[in-house]
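> Note that the working numbering has the sequence shown beginning at 17, numbered continuously upward.
Supplied in structure tokens, the structure appears directly below.
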Amino acid sequence: MMVMEMRSLVAALLVLILGHFTSALEVPLDLPQPPSITQQSPKDHIVDPRENIVIYCEAKGKPHPSFSWTKDGTHFDVNEDPSVTMRPNSGTLEVDITRARPENFEGVFQCTARNKYGAAVSNKIVVRQSKSPLWSKDKIKPIVVKEGVSLVLPCQPPAGLPPPIIFWMDNNFQKLPQSKRVSQSLNGDLYFSNVRREDSRSDYICYARFTHTQTIQQKQPITVKVLTMDEINDTMADYYNFTEMVLNEAPVDERKPTFLIPSGHSSSKMVLKGHVLEMECIAEGLPTPEVSWTKVSGDLPGSRTSFLHFNKTLQIVNVSESDAGDYRCSAKNQHGAAHHIISVVVKATPYWISGPPKNLVLAPGENGVLTCRANGIPKPSILWSINGDLIENSPKDISRKVEDDSIIFTQVRVESSAVYQCNISNPYGYLLSNAFVNVLSEPPRVLTPANKVYQVIENRPAFLECSSFGSPIPKIDWFKDRKSGILDGDDYILHDNGTLEIQVAQAQHKGKYTCVANNYLGISENHVYLDIKEPTRILKQPVDKVVQRGGSVLFQCIVKHDKDLHTTVTWLKDGEELLDDERFIVEFESLSITDISESDAGSYTCIVNNTLDHDSATAELSVVELTPPPAVVHGRPDPPTDLELTDHKKRSVQLTWIPGEEHNSPIQEFVIQYEDSLHRRGHWHDLARVPGTRTTAHLKLSPYVHYTFRVLARNAVGLSEPSSPSRMYKTDPAAPDQNPKGVHGSGTEHNNLVITWEPLTGLHSNGPGLRYKVSWRHKRPGTDWTTVTVANNSKFTVSGTPTFSPYEIKVQAVNDLGEGPEPAVVIGYSGEDLPTAAPANVQAVVLNSTLVELRWDPVPSHLIRGHIQGYKINYWRKHHKHNSDQMEQRILTFSGNQSRGMLPGLHPFSHYSFEVRVFNKKGDGPASKTQQFKTPEGEPGPPASLLVTNPSLDSLTLEWNPPREHNGHITGYTLRYQPVNNSNELGPEEELALAANETSVTLQNLKYSPRYKFYLNARTSAGAGPAIFEEAVMPDKAVSNRQVDIATQGWFIGLMCAIALLILILLIICFIQRNKGGKYPVKEKEDAHTDPEFQPMKDDDCTFVEYSDNEDHKPLKGSRTPSNGTVKREDSDDSLVDYGEGGDGQFNEDGSFIGQYSGKSSSRDNDEGPESAGAPSPLNAMNSLNSFV
């Protein structure tokens, strides 16, 4: 035991001694060195099965290393699998999943990078594909619970990789509200400490979001029904077979808390160091319990502790060993409390104590140590390997000795170069690190850039770097200026890495420093420079101010800084940037605020900053209410006086003045104007504006100008009169500072190029003799510039150019003192001409009855001969079934270089022709070959008309005309109608299908209604078109009833009988008059003197019917029947105009009445029955009377 302790002590002393002589170095890549792993995939590498698998392994070394892989501990031959490739000069594997199944590449991969000096290995990379399985689609029975009880809605998401994130939402994708009564547990279940009526809903949905595949899975909705005791008895039978019952007969009383999770009085939990510890306690009870946490064996770590999910979850981040112990969660309400103890055990995966082992660079014969020092809970074991093989299986090396977590090297040789692997592991994980030992001889080299300048603020520390490499490690010495002596001690500290520190840099330390690196193989030196800068200080700080509302304030911040450092001044209000408000005027050393309000009160900080230093100062602004001042008269300010020019320079001058009287209104700004008496005498121009708090301005000037200045003051009332002009200040001429802007090249003809530009003003000419050097050349290799000089013009035309060719153009300003700066080159094009080619492969793709997609091959740019503006589609409706002569020419334009476009608004069931042509700014190119397409049938238009005729109490006739736009073959019509009562309420709708060839329909047996609404639409194979609407007003039922009632009155019947008697007497008289000339019977006379014009009438057209042989049935001689079945009035007002068997009696136009009677004798009445009765009908007589009236 003592021997082992002594050996450990000796090893520790050796490490300390040898560590003094060696340190980790980065070997320049141009020198030989073993491999080093620079990039690798994570140990747990989860891949998306939808994407190619990439397993990273990158390494450096000299020579560049080669790479090999193992899978599950055996060699993985990349060349045997065509779906696997290795990136060039890399060990990174790529698997094409279109040629392989991702699950075939799940396993443990390890990469080895090897060259002739050793081999480095990667971590063991466990490759697994992410999974996002689906939830079962089984329907979940509704849950019925009694109000007040606890409830748990299980989520139970499918096992995914990595585990999903769980959340609950409703059907509208809104998160379900959670509270201390309702909350989600860590496993995703939804817990109710007690349920309420408002918890009843049918859309409790658990969602699982799988982050790796960016997918979300949804569980079937859960229905929860919360019932009171009164509702339970009513609904028990309905839910018994179809719900999950959580009921008992007893009412739910208030109760003390009990824990839903965790169960029991105590539990335990293990957590890894550095991870997040989450413990939860969810309690049920009524009223809802409050949950609190304490640590039994100490205090909770405040900065790392959070209480989540309404105090039900205790979270501790970045767990350490001190977090182990017992934690108590307590749930309390007014009826009692419940407690649970959670015992936390902290374990730890291996972790570095002083970092992973560092590479060693040793010269032959030197000593060194590789240290692999780590810890863990439980304590990890250490396993050393060399070039990927266990060190005990490698050849013996007398210069190498393994001592637990260190390898000690003594008197190394070149052959000792190798890569060592240190593997530290315990049950919870492992650490694997590569560190090489590189044995080589190399003279020193300084890696710090030469002649580097270090700038340091006076009285601050300075650090001058001297990064070097050499083997053996070179010794570093520093010298100042002429190497008068080595710098060490006093003001200087030399660090192990070669850096020289000057603790307090002052002006005497400024100068040149030399760093010298040397070993027995050579010497190298480098020069750097130290520059001492003045500190940045605020000489005059802003002071606190109290200002009335509506007033103004000025904060000053006078700064002293090094003139070579770019310094900025920034103002903050209450620690934040100033608002973008024109009331805030920021100058380099001041801040002014006008029209102050209460919101402007606060802290104002002036921050002075540059690359090396900064300073700041703060002042408070207080805003008080405005006290009413005495009545004052406000006026415009008086003009400034005593203008003076100072600080004369070639391009600038300083102007000062004395403000005039403000007239009770503060001056807001000064306007500085100038006159150029050399170029534009008598014209004044604004040059600058400065705040009203300043009386000086630094003015930037242009060469070759004769300046005269004046100043105007502005306040709230207005602008003052101008001051008296200053004395003239002449600036010397100079070459132009700028070139013309807006240089442009384009052609007005197909064979020219017009170059234009914006000419410089006299102010920008900078000198006499302003002219322009115009240069151009064809934009192709080997073309020379052509240059002309143009004066007094801003345009030049180049003739004889090829059509639409690119040219490089530049325009340079020149005056008598020289040329302006080198001008920028712009691209212009010579003139355009009409395109010479038409689009090819023109075709139409019919999308529907009104929309077609047109496609074509774009015209090559060299055939467009100009800037393409777009394509024009010329199309026309060539023919359609119902109007074959109609032609509709239209043009549709597509801007830009398109190859397709949509043609909308077409007529269905039509033939179209179209052409495509390209156009540029010059015009249109030739048209493509005419193409045709036909649109399919569409929905028809509405019928052209709809008319209601012959309305009666229970019937009417509808007549219509077909649609003007058939848009196809009409297959029929659909008639919909419904009654409307006097309150405009609609009755039930009826629908009637009609044939395509029908244009009218009579509706019988309609239920009486004051109005009817009718909707008629046509149909094609594409569907029904829009309907036409018509409304019919039906006859008044009350009027019809009154007519019938009159016809049944006794007085009216008597009147009709009297009229019938009168007609009978008239008939007898007519018979007598016609038979005066003879005594033979009427029948014989009729037989002898038959009227040739006599025609028997028919029943259907009111003409006489055939009579029997009985003479009483013979017609009257000389009676006439016109073709329309009526007898017109001729000589006598009381002539009989019409009569016949079964005919309706009516008044004719002259008022005479024709009654209904029979021409048969009374002896036949009994034989022929009531149908031959000649008594007049009161109803017919009434109708006849109405017609007359």
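Quick reminder that beta carbons are idealized off the backbone N, C-alpha and C, glycines included.
Asp663 by DSSP, collapsed to three states: which one?
Reduced to three states, the DSSP call for Asp663 is coil.
> Could you tell me whether the stretch 237-244 touches the stretch 122-136, where touching means 3 or more Cβ pairs closer than 8 Å?
Not touching, per the Cβ criterion.
> Write down every uninterrupted run of the beta strand (DSSP E) in the stretch 389-456 whose length is 3 residues or greater and which is fully enclosed by it, in chain order.
Runs found: 390-393, 397-402, 416-419, 422-425, 434-442, 445-455.
> DSSP three-state label for Asn890, please.
Asn890 falls in the strand class under three-state DSSP.
> Check for me: the beta strand (DSSP E) holding Gly844 runs from which residue to which?
Run containing Gly844: 842-845, per the beta strand (DSSP E) assignment.
> Between Leu588 and Pro477, what straight-line distance do the alpha-carbon atoms span, to the nearest angstrom?
Going from the Cα of Leu588 to the Cα of Pro477 covers about 30 Å.
> Look up Trp309 in the DSSP assignment and say whether it is helix, strand or coil.
Looking at Trp309 - three-state DSSP - the assignment turns out to be strand.
> Leaving aside the five residues before and after Val806 along the sequence, list all residues of the same chain whose C-beta is less than 7 Å from its C-beta, in chain order.
Hits under 7 Å: Arg787, Tyr788, Val790, Phe812.
> Per DSSP, which residues does Met744 bridge with? Please list them.
According to DSSP, which records beta bridges pairwise, Met744 is partnered with nothing at all.
> Does the beta carbon of Ala960 sit closer than 7 Å to a beta carbon anywhere in chain D?
Note that chain D does not occur in the displayed structure, where there is just one protein chain.
> Opposite Asp702 in the DSSP bridges: which residues?
In the DSSP output, where bridge partners are listed per residue, Asp702 has Gln689.
> Can you tell me whether Glu481 is buried or exposed? The criterion is at least 16 other CB atoms within 10 Å of its CB, across all chains shown.
The residue is buried, with at least 16 neighbouring Cβ atoms inside 10 Å.
> Within its chain, find whatever has a CB closer than 8 Å to the CB of Tyr223; leave out the 5 residues flanking it on each side and keep chain order.
Here the set comprises Ile182, Phe183, Trp184, Met185, Ile232, Gln233, Gln234, Lys235.
> Would you identify the three-state DSSP class for Met245, choosing helix, strand or coil?
Three-state result, Met245: helix.
> Taking C-alpha atoms, which residue in His543, Leu406, Ala451, Ile509 lies nearest to Leu465?
First, the residue type needs correcting, since residue 465 is Pro and not Leu in the sequence shown. Checked all of His543, Leu406, Ala451, Ile509; the closest Cα to Pro465 is His543.
> Alpha carbon to alpha carbon, how far is Val706 from Pro675?
For Val706 and Pro675, the distance between alpha carbons rounds to 12 Å.
> Under a three-way DSSP split, which group does Asp616 fall into?
Three-state DSSP puts Asp616 in a helix.
> Can you give, in chain order, each stretch of the alpha helix (DSSP H) that sits fully within the stretch 751-834 and has at least 4 residues?
You should have 778-781.
> With Gln1089 as the anchor, note down where its alpha helix (DSSP H) starts and where it stops.
Run containing Gln1089: 1066-1090, per the alpha helix (DSSP H) assignment.
> Do Ile825 and Gly761 have their CB atoms nearer than 7 Å?
Contact: yes.
> Please report the straight-line C-alpha distance between Pro653 and Gly844, rounded to a whole angstrom.
Taking the straight line from one Cα to the other gives about 54 Å.
> Taking Cβ to Cβ, would you say Gln994 is nearer than 7 Å to Lys1023?
No, they are not a contact pair.
> Could you check if Val562 is buried or exposed, using at least 16 other CB atoms within 10 Å of its CB as the buried criterion?
Under this definition Val562 is an exposed residue.
> Locate the alpha helix (DSSP H) running through His878, then write down its first and last residues.
Run containing His878: 877-880, per the alpha helix (DSSP H) assignment.
> I'd like to know whether the C-beta atoms of Ile298 and Tyr207 end up nearer to each other than 7 Å.
Going by C-beta atoms, Ile298 is nearer than 7 Å to Tyr207.
> Can you give the Cα-Cα distance for Pro851 and Ile889, rounded to whole angstroms?
Rounded to the nearest angstrom, the two C-alpha atoms are 15 Å apart.
> Can you tell me the Cβ-Cβ gap for Gly941 and Ala853, rounded? I've got them flagged as a contact below 8 Å.
With 8 Å as the limit, Gly941 and Ala853 qualify as a contact, their Cβ atoms being about 7 Å apart.
> Between the stretch 725-744 and the stretch 816-825, do at least 3 Cβ pairs fall closer than 8 Å?
Result no; under three Cβ-Cβ pairs closer than 8 Å.
> Under 7 Å Cβ to Cβ from Ile518, same chain only, skipping five residues before and after it: list those, please.
Pro477, Ala478, Asp507, Tyr508, His525, listed in sequence order.
> Could you give the residue range of the beta strand (DSSP E) that holds Thr515?
Taken as a continuous stretch (DSSP letters only), Thr515 belongs to no beta strand (DSSP E), as it is neither H nor E.
> Taking all protein chains shown into account, decide if Ile907 is buried (16 or more other Cβ within 10 angstroms of its Cβ) or exposed.
That one is exposed.
> Assuming His664 contacts Ser693 under a Cβ cut-off of 8 Å, what Cβ separation, rounded to an integer in Å, is found between them?
Their Cβ separation, rounded to whole angstroms, is 18 Å, which puts His664 and Ser693 out of contact at 8 Å.
> Residue range of the beta strand (DSSP E) that Cys171 falls in?
No beta strand (DSSP E) holds Cys171; DSSP gives it neither H nor E.
> For Asn450, count the other beta carbons within 10 Å of its own beta carbon; 16 or more makes it buried, fewer makes it exposed. Which is it?
That one is buried.
> What are the partner residues of Asp493, as DSSP defines its beta bridges?
In the DSSP output, where bridge partners are listed per residue, Asp493 has Val532.
> Per DSSP, which residues does Tyr223 bridge with? Please list them.
According to DSSP, Tyr223 bridges with Phe183, Gln234.
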